[in-house]
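Notes follow the structure.
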Amino acid sequence: MANTRLLDASESTEWNRFVASAQNASPYHRFEWLQAVETVYGHKAYPLVVEEGGTVLAVLPLILMKTPLAGKASLVSLPFCDLGGILGDEHHRPLLHAKAIELSTELGALLLEIRQRERGGLGLDFDRLSAELEGQKVSMLLELEPGSEQQLAAFKPKLRSQIKKAIKNGCTTAVGNSPQLVEDFYYVFSRNMHSLGSPVHSKQLFHAICKAYGDNALVSVIYFEGKVAAGGIVLKNGNCAAIPWASSLAEYNRLAPNMLLYWKLISHCANDGIGVFDFGRSSFGEGTFRFKKQWGAQPYCLTWENWLGQCGSLPASQSRARAMVENAWRRLPLSVVNILGPLIRKHIRL
């Protein structure tokens, strides 16, 4: 008979074995994501499983995020990324849903949030649905060709020209998974977050994730005349790769380093036998959506389900106050926001 329980960290191999072959699994479902977030930010992980006879049949990764001073808590699957949610067949999903709601009540969480992607894509007909979907959050997925040469040939001539432009302009690339590449990536990423007025993640989170994922993590950095121009991180699981973070410095945009950055990561994944490249979350029809669409990515609707505890309602949007905070944040020195940012960012679910 199947039972639902919390998995111990010592059983992470069984968890990852299931996730590696599960339908609709993302790299964020791997146990390493839970471990890195818990280690760096102190948010406790709750890995729920349905098992029978010692065999894992379904999983739901959860992380409890507590807000300091206010004493509020949210149970999220998963924070700091687009996706989490239940992996497993329809028969076992209700068991994990019920257990998650029970767990959130036990932990005193005011919100249970489960982030999932709809299984069916919008297909080639999504242009017809643009008015209906405008502004809706979607995942952009690209089905990869079996090898970088075939993948490059599958792109439109304009896209291939943009990739070659960066090379002609003198941009060079380093790809791997080393602490120095993570440092170079963070150099770009932290500056971009500052310019956006957003608190940046701790550098240690990226180091912890890349170390934990090992061969399932890939860092690419683009240089121009020896200086860092762009950087990105890809995480892999089974047949899927996702790019949760990518940044380029505005002063180098004329050189098209971002195009070379994405191409190097996509080409490595294609040569590594990866079948699906997840460009991440975008608002349908907006700038990042159009950027990802030009690579051939197709949109899949995201569904973030919320169960409310004692709070009874989701917090109201504070867009005006947020804009004021962002403007003030941009005026602070980079050295200051890189210290303060992680202290704030660790409590923001997105």
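Take the sequence shown: its letters are residues 696 to 1045, numbered as in our numbering. We put the CB at the ideal spot given by N, CA and C, even for glycine.
Counting other Cβ atoms within 10 Å of its Cβ, L701 stays below 16 and is therefore classed as exposed. Using a C-beta cut-off of 8 Å, the region 719-736 makes no contact with the region 943-959, since fewer than three inter-stretch Cβ pairs fall below that distance. When C-alpha distances from T762 are compared across R725, C935, A804, the shortest belongs to A804. In the three-state reduction of the DSSP assignment, P756 falls in the strand class, which pools E and B. If you look at N932, you'll find it in the beta strand (DSSP E) that goes 922-932. The beta carbons of R1044 and S834 sit about 17 Å from each other, so the pair does not count as a contact at 8 Å. Linking G927 to G779 through their CA atoms gives a straight-line distance of about 21 Å. The three-state reading of DSSP puts I1034 in helix, counting H, G and I together.
Per DSSP, E981 lies in no alpha helix (DSSP H) and is assigned neither H nor E. Following the DSSP letters along the chain, one finds N1001 in no alpha helix (DSSP H) but inside the beta strand (DSSP E) bounded by residues 993-1003. In this structure, R810 and D777 form a Cβ contact; the two beta carbons are roughly 7 Å apart against a cut-off of 8 Å. Looking at the DSSP output, N698 shares a beta bridge with E746. Under DSSP, S843 forms no beta bridge with any residue.
Residues Y723, W728, P756, I758, G779, R810 of the same chain have their beta carbon placed closer than 7 Å to that of L773, with the five preceding and five following residues left out of the count. A Cβ-Cβ contact shorter than 8 Å links W710 with V754.
Within the same chain, Cβ atoms closer than 7 Å to the Cβ of S843 are found at S962, A965, N966, the five residues on either side in sequence being excluded. By the neighbour-count criterion, in which a residue is buried when 16 or more other Cβ atoms sit within 10 angstroms of its Cβ, L891 is exposed.
Across the structure, T708 and A907 are spaced so that their CA atoms are roughly 13 Å apart. Short of 6 Å from the beta carbon of K1041, and not among the five residues preceding or following it, lie these beta carbons of its own chain, in chain order: Y736.
Per the coordinates, the alpha-carbon of M888 lies some 10 Å from the alpha-carbon of L1029. Taking a C-beta distance under 8 Å as the contact criterion, V895 and S885 qualify as a contact pair. In the three-state reduction of the DSSP assignment, C935 falls in the strand class, which pools E and B. Between L837 and W990, the C-beta spacing is below 8 Å.
Q875 carries a helical assignment under DSSP once its states are collapsed to helix, strand and coil. Residue state for T867 is assigned as strand, using DSSP reduced to three classes. Closest option to Q845, judged by alpha-carbon separation, among R812, G968, A941: G968.
S942 is classed as buried because its beta carbon has at least 16 other beta carbons within 10 Å across all chains shown. In the DSSP assignment, V751 is bridged to E746.
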